[in-house]
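Reviewing the structure listed below.
Numbering (our numbering), first residue to last: 9 to 243.
This is the structure:
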């Protein structure tokens with residue numbers, strides 16, 4: 009397994025996480041190599057139950073970990089994360105995120121992920137209130153705010169979710185919480201600045217990276233764009 013580079017829990021620079029959901033699945037190894045300068049590699053795992061789509065699974069993640077040193081950011085859009093999340097951590101993923109809506113025991117799942125060697129992330133859908141989960145966020149390393157309905161790439165950004173980002177950013181800035189705030193869905197040159205201004209640390213970008221002629225340059229451009237307007241991140 010390729011080694012996983014250490015990444016600070018709170019990055020001084022914007023983290024850009026290309027989503028391979030937008031990559032060419034027939035050329036995944038090449039597509040991963042094309043974004044070698046990325047901070048994280050975002051892998052969407054869907055089971056056709058929690059969301060109406062079926063994508064990559066653990067065997068693909070295990071294979072990709074052999075060919076890249078980019079920290080693997082696994083986003084599990086699946087039922088039964090109690091069963092399925094820890095194996096992704098055991099395989100060597102850097103960050104394993106599951107959905108709050110998929111379990112009645114999010115803290116237990118987070119602790120199992122951490123015990124298996126990965127950072128633990130909690131994700132919420134656009135329509136899910138954040139308030140019921142604020143008290144447990146200290147058990148997590150990452151909060152992934154969905155800015156589209158999970159299940160498919162290429163959707164339009166939902167700006168209303170930025171209120172959730174701002175809420176968590178205030179807690180972080182006040183020293184009440186230490187967590188990476190990540191956003192996923194519709195992130196591109198037109199939307200990344202609003203997300204950065206709201207307080208996002210990590211930006212998942214699929215089509216904006218893999219539809220570009222030069223994916224590596226697209227990553228750098230998004231990073232510069234976020235840093236230019238963020239009140240808490242710099243290059």
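Each residue gets a CB set at the ideal place from its N, CA and C atoms; glycine is no exception.
Just so we're clear, the structure is a prediction, and the values are computed from it rather than from any experiment.
Backbone secondary structure at residue i - three-state DSSP
i: residue 67; result: helix
i: residue 148; result: coil
i: residue 134; result: coil
i: residue 213; result: strand
i: residue 51; result: strand
i: residue 43; result: coil
i: residue 174; result: helix
i: residue 26; result: strand
i: residue 126; result: coil
i: residue 75; result: coil
Proximity to residue i [Cα-Cα], best of the options
i: residue 48; options: 55, 37 and 28; result: 28
i: residue 212; options: 168, 191 and 179; result: 191
i: residue 35; options: 83, 120, 71 and 182; result: 71
i: residue 115; options: 230, 73 and 143; result: 143
i: residue 172; options: 197, 149 and 141; result: 141
i: residue 128; options: 163, 217, 137 and 89; result: 89
i: residue 150; options: 232, 95 and 83; result: 83
i: residue 244; options: 195, 87 and 153; result: The chain is shown only over 9 to 243; residue 244 falls outside these bounds and no answer can be derived.
i: residue 235; options: 204, 227, 215 and 157; result: 204
Buried or exposed (CB count within 10 angstroms, at least 16 for buried), residue i
i: residue 57; result: exposed
i: residue 103; result: buried
i: residue 225; result: exposed
i: residue 217; result: buried
i: residue 223; result: buried
i: residue 32; result: exposed
i: residue 81; result: buried
i: residue 167; result: exposed
Host alpha helix (DSSP H) of residue i (start-end)
i: residue 81; result: Per DSSP, residue 81 belongs to no alpha helix (DSSP H); it is in the beta strand (DSSP E), 80-85.
i: residue 230; result: 223-237
i: residue 204; result: 200-206
Residue range of the unbroken beta strand (DSSP E) whose run includes residue i
i: residue 189; result: 188-192
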